[in-house]
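Take a look at the structure set out below.
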């Protein structure tokens, strides 16, 4: 299950194991559209920057591009040899990057659906791939415990970040390019001596209970975030880069201050693991996706949770 806001925050798209993605009104909780066409579970869903399209990734080894107004699949991206775990648009909306368990990430022309670049890591599964804020780089997260930064135009790996223990299920660039957040076991990470790209901040979560904030260029740990009882599923910076949002097996989502390293708010009341969570583009709301098949939207002011404003059912019986 995944959850994502549209660029203006008016809509939410969720991905579910019921083989659908659904578009919701973020204010009312009304299901506006169901995207049906994948043969197996949908692992991720994300809006294009202009909100005119949605891209989904699926265990059926494909990604699909949809018109969210009609629910029509307008393009299928086929070429991976295993599960596609993530798919997202570039910041300008012209490209899509997908990550697969076949050990590759692929860059696609979003308009015609042609694969224009394959980033081959190794035989280890890739969990995620995302663009840098300027679209010039991609960071991939791999089952071998490494995050790699790629030059999109040249298709080469320019830096590798490796942790000694455990998996690395996701990695994303931060807004300001100054820090990297990793979550994992209590062990020191190894940094390759390759020069960092211009957009040099990323966030790397693994299925463990701690998160560390580091300067990407030096590798220095500036603070450690520890507070989840069990593993963490995801981690993300707020749009202004001042806060970090984590989700875990303890049925909690937590908001952390980057400046102090302290947990400033806990979002409880979930009945199962919180699989993913995102800030709205203005930072005033948080959406969480729960392993029980529901999503929640939380109202925030300077990351103070005021109330749970909407409960969204991801189950198909309530959606058209």
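Residue numbers (the numbering used here): 4 to 323.
Just so you know, even glycine gets a beta-carbon here, dropped at the ideal spot from N, CA and C.
Scanning its chain for C-beta atoms nearer than 6 Å, with the 5 sequence neighbours on each side dropped, one finds no residue around residue 221. Distance from the CA of residue 293 to the CA of residue 23, rounded to the nearest whole angstrom, comes to 16 Å.
Among the bridge pairs identified by DSSP, residue 251 is matched with 235. With fewer than 16 other Cβ atoms inside 10 Å of its own Cβ, residue 84 counts as exposed. The segment 112 to 119 makes no contact with the segment 142 to 156; the number of CB pairs closer than 8 Å stays below 3.
In terms of Cα proximity to residue 159, the closest of 165, 127, 108 is 108. With respect to the 8 Å criterion, residue 300 and residue 290 are classified as neighbours on the basis of their beta carbons. Pairing residue 130 with residue 88 gives a Cβ-Cβ distance under 8 Å. When the beta-carbon positions are compared, residue 96 and residue 63 stay at least 8 Å from each other.
Within the model, the alpha-carbon separation for residue 82 versus residue 9 is close to 27 Å.
Here residue 19 is buried. Its C-beta has 16 or more other C-beta atoms within 10 Å. Looking at the DSSP output, residue 80 bridges to 66. Around the beta-carbon of residue 13, fewer than 16 other beta-carbon atoms lie within 10 Å, marking it exposed.
Within the same chain, 54, 284 come within 8 Å of residue 11 by CB-CB distance, once the 5 residues on both sides are set aside. Taking the Cα of residue 61 as reference, the smallest distance to any Cα among 69, 45, 253, 99 is reached at 45.
With a cutoff of 8 Å on beta-carbon distance, residue 175 and residue 216 are scored as not near each other. Annotation: the segment 262 to 290 contains the following complete segments of the beta strand (DSSP E) (minimum length 3 residues), in chain order: 266 to 270, 277 to 282. Taking 8 Å as the cut-off, the Cβ atoms of residue 79 and residue 48 do not count as close. Rounded to the nearest angstrom, the Cβ distance from residue 40 to residue 76 is 5 Å, consistent with a contact under 8 Å. Contact between residue 249 and residue 256 is confirmed by a C-beta separation of about 7 Å, below the 8 Å threshold.
With respect to the 8 Å criterion, residue 260 and residue 246 are classified as neighbours on the basis of their beta carbons. Looking only at 242, 170, 230, the smallest Cα-Cα distance to residue 270 is reached by 230.
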